[in-house]
Amino acid sequence: MSNNIKDKVVVITGASSGLGETTARHLASLGARLVLGARRTERLEKLVADITAAGGQAIAVTTDVSRRDDVEALVAKGEQHFGRIDVLINNAGIMPLAPMARLKVEEWDRMIDVNVKGLLYGVAAALPRFAAQGAGHFINVSSVAGIKVFAGMGTVYSATKFAVRALTEGLRAEAPDGVRTTIISPGAVDSELKTHSSDKETSEALLAWYEANQIPADSVARAIAYAIEQPANVDISEVVLRPVAQEF
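Count along the sequence shown from 1, then add 309; that gives the number in my numbering.
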């Protein structure tokens, strides 16, 4: 089924590290043409250089998903460069965990801006294009914390990931014919997410837990490829993947 990935134009947000970077490299190896967005331009350009040196096709667009104009520009530049957009992977996300009593209100705001509004801006940019061409695929990265509340340190993060699930399921029901939606819900995966907490006690506990449980980021990349490579009339609605050792 990998022929269903070759030459597809795939937009990835949060592509400069972690799940986004690993997914970009994996999809490039399968022949996808990539439009890579993130804030860290230097890292994006290095990734594009690596992909093109290996014979792949990719462009970099500096993107802050909390800015609607940035997300629109990411999708528009991909369309201009490659002629169309086939898949949008809403991967950008942050996870500054802390108990709610610590009142990290600015971090709550930022999580909502990136994890929820950033996804909505992606939908706003890609949905009209998908509708016009009668085909397209949204892949939205949620979390197992979007299935069970990560109480004690991750309640607000869980709220944003529950929102991702709700928005994706609603989009599935509302989407025009030919438009697919997939929720990817990882457990503990090796990425920068585990380093986002500014709360010392939470950070120490989280890092120790990740080190004991995490699986490689390419586990998620393979799940995303599996969803993309299905025939056009097959929608993989959700993939949940965890380390075997993870209890929740």
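Idealized CB from N, CA, C, for every residue including glycine.
query: Quickly, what does DSSP pair H446 with across the bridge? List them, please.; result: V396 and R489
query: Unbroken alpha helix (DSSP H) runs of length 4 or more, entirely within the segment 460-541: which are they?; result: 464-483, 509-522 and 527-538
query: Quick one, are the C-beta atoms of G365 and S325 less than 9 Å apart?; result: no
query: Indicate whether A407 and E416 have their beta-carbon atoms separated by less than 9 Å.; result: yes
query: According to DSSP, which residues form a beta bridge with R342?; result: V318 and Q366
query: To the nearest whole angstrom, what separates the beta carbons of V453 and P495, a pair I think is in contact under 8 Å?; result: 7 Å
query: Does the contact criterion of 3 or more C-beta pairs under 8 Å hold for the segment 384-397 versus the segment 434-448?; result: yes
query: Do A401 and V374 count as a contact pair if the criterion is CB distance below 9 Å?; result: yes
query: How would you call A434, buried or exposed, if buried means at least 16 neighbouring beta carbons within 10 angstroms?; result: buried
query: Do V529 and V450 come within 9 Å of each other at the CB atom, strictly closer than that value?; result: yes
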